[in-house]
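Report on the structure given below.
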Amino acid sequence: MANTIFEEKQKFNQPWIRICLVLLIAIFTWGFIQQVVMGIPFGNNPGPDWIFLPIFLLVGGLVIFFSSMKLITKVSKSGISYCFTPFHSKEKLITWDRVKSAKVIDYRPIREYGGWGVRYGLKGKALNVRGKHGIEIEFFSGSNLLIGTQKPEELKNTLKELKESGVIAINN
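Residue numbering for the sequence shown follows this note's numbering, starting at -11 and increasing by one per position.
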């Protein structure tokens, strides 16, 4: 996006997700070693040896999926753009002429949207990775979009600068 004033890249790398994935990998690696390598059945009702392959593929896929999740937000004189990989293949631009209001808010991700990621709640759609800050965008069409941020003050100042310079005429 030309003339980017604000840019933020957020990764979905919360420690609790990493811990869960490491535990899954450790449990199934131990199960594989115990049952396939050592010949000792894993668990009270062990599955066949071949079952470890799809489990490793599934867990490996989860690791790749969570590692690739990234939310990129940009603000410029043209509008607000975002890309949440792997859900979006290219950047989406929201031009200022579609925006009725845009404000940086604190919100409760679990209560208001059911958690993090691409979420839908009573207030509309949310794209968030972590934390409780975001830019709430209200469109003239009546719909809302919340994009999470870890830089609420910087984003708030960017919106203020754009409004004061006459680039945007929105409520915030």
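Note that beta-carbon positions come from the ideal geometry of N, C-alpha and C, so glycine has one too. This structure is a prediction, so every number in the text was calculated from the model and none was measured.
What are the start and end residues of the beta strand (DSSP E) that includes residue i?
i	result
Asn32	No beta strand (DSSP E) holds Asn32; DSSP gives it neither H nor E.
Ala157	Per DSSP, Ala157 belongs to no beta strand (DSSP E) and is neither H nor E.
Ile166	Since the displayed the chain opens at -11 and closes at 160, residue 166 lies outside it and no answer follows.
Leu115	Gly112 to Asn116
Tyr168	Examination of residue 168 is not possible in this model, given that the chain is present from -11 through 160 alone.
Is the distance from the Cβ of residue i to the Cβ of residue j below 7 Å?
i	j	result
Phe(-1)	Lys58	Residue -1 is actually Lys in this sequence, not Phe. Against a cut-off of 7 Å, the Cβ pair of Lys58 and Lys(-1) comes out as a contact.
Ser69	Glu79	yes
Leu133	Ile125	yes
Ser55	Ile(-7)	no
Val47	Leu81	no
Phe53	Phe40	no
Ile123	Leu150	no
His121	Asp94	yes
Glu141	Lys62	no
Lys(-3)	Ile60	yes
Taking residue i as part of the alpha helix (DSSP H), name the residues at either end of that continuous run.
i	result
Ser55	Phe40 to Ser56
Val25	That residue, Val25, is in no alpha helix (DSSP H); it is neither H nor E in DSSP.
Arg161	Beyond the ends of the chain as shown, which are -11 and 160, falls residue 161; an answer cannot be given.
Glu149	Pro140 to Glu152
From the DSSP output, which residues share a beta bridge with residue i?
i	result
Glu124	Lys91 and Leu134
Phe(-6)	Val63
Thr73	Lys58
Ile68	Val63 and Ile82
With burial defined as no fewer than 16 other Cβ atoms inside 10 Å of the residue's Cβ, what is the status of residue i: buried or exposed?
i	result
Pro34	exposed
Pro29	exposed
Ala90	buried
Leu45	exposed
Gly102	exposed
Ile135	buried
Val117	buried
Phe72	buried
With distances taken from CA atoms, which of the options is nearest residue i?
i	options	result
Arg6	Ile93, Met26, Leu50 and Asn145	Leu50
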